[in-house]
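S.K.:
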Amino acid sequence: MNNNYEKEKPASWGEVIDSRIEETLNAEAQYSPSSLQFEDISLADIDKHMLERFYAEFPSVVPSGIYSDAGLISLANNQGFHAEMPQNLKTQPLYFILRGDKVAAFLPLENIEESRIDCYFFHKLNIQNDPILREKYLELLYRLNKD
């Protein structure tokens, strides 16, 4: 007899990130920035996951966005996310997943006070409205089209 009370295994944080990226890419209407919050994982783990995801989409391209801590704080503040940079990390990748004319930008930031990772997603329309995101997006498009 099957146990109908077994709960479905909760998704891993990687699956949650991948799911949110797909939702962002599939959104038809303007998609406002959204965030996820994770505890008990590290920025290094998220970066590894995102690099694997990025290379699956673009095997020949290196992720374009490495910012200084000041640049990241400025970017986060521009988007209304007042996150704090980790004290031991002075640069942090900003990943773009492009599929046709759809774009999901992914920015992980560490919130020191609450010991958690905040992950932010931006739709293409938001990227076009932010000068820092737009510059990095155009830089990546140039590198993709150059090959």
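With the working numbering applied, the sequence shown covers 6 to 152. Virtual Cβ for every residue (Gly too), placed ideally from N, Cα, C.
#1: Comparing alpha-carbon positions, which option in R148, S40, L48 and I26 lies nearest I117?
#2: Identify, in the order they occur along the chain, each residue of the same chain with its Cβ nearer than 7 Å to the Cβ of E11, setting aside the five sequence neighbours on each side.
#3: Do I137 and G85 have their beta-carbon atoms positioned less than 8 Å apart in this structure?
#4: Taking L30 and I102 to be in contact with their CB atoms under 8 Å, please state how far apart those CB atoms are, rounded to whole angstroms.
#5: Measure the Cβ-Cβ separation of I153 and P113 and say whether it is below 8 Å.
#6: Is any heavy atom of the ligand GDP found at a distance shorter than 7 Å from the C-beta of V66?
#7: If you check the beta carbons only, do M55 and Y125 fall under 8 Å apart?
#8: Need the endpoints of the beta strand (DSSP E) that F43 sits in, please.
#9: Name the residue from K141, K129 and F43 whose alpha carbon lies nearest to the alpha carbon of G105.
#10: Could you name each continuous alpha helix (DSSP H) segment of 4 residues or more that falls completely within the region 99-151, going from the start of the chain to the end?
#11: Within a Cβ cutoff of 8 Å, which residues of the same chain sit near L149, ignoring the five residues on either side of it in sequence?
#12: Suppose contacts are defined by Cβ-Cβ distances below 8 Å. Is D123 in contact with N83 by that definition?
#13: Here's the rule: buried if 16 or more other CB atoms are within 10 angstroms of the residue's CB, otherwise exposed. What is A109?
M.R.: For this structure:
#1: Closest option to I117, Cα to Cα, is L48.
#2: Model confidence at E11 stands at a pLDDT of 49, short of 50, so the residue's coordinates are unreliable and nothing is read from them.
#3: Not closer than 8 Å, so no.
#4: At roughly 7 Å, the Cβ-Cβ gap stays under 8 Å, so L30 and I102 are in contact.
#5: No statement about residue 153 is possible, as the shown extent of the chain runs from 6 to 152 and does not include it.
#6: What this structure holds is no ligand at all, so the ligand GDP is not there to describe.
#7: Their beta carbons are not under 8 Å apart, which means M55 does not touch Y125 by this criterion.
#8: For F43, the enclosing beta strand (DSSP E) has its first and last residue at S39 to E44.
#9: Per the Cα distances, K129.
#10: The region 99-151 contains these whole alpha helix (DSSP H) runs: 129-134 and 136-151.
#11: Closer than 8 Å at Cβ, skipping near neighbours: F63, V66 and L103.
#12: Result no, Cβ atoms of D123 and N83 do not sit closer than 8 Å.
#13: Classification for A109: buried.
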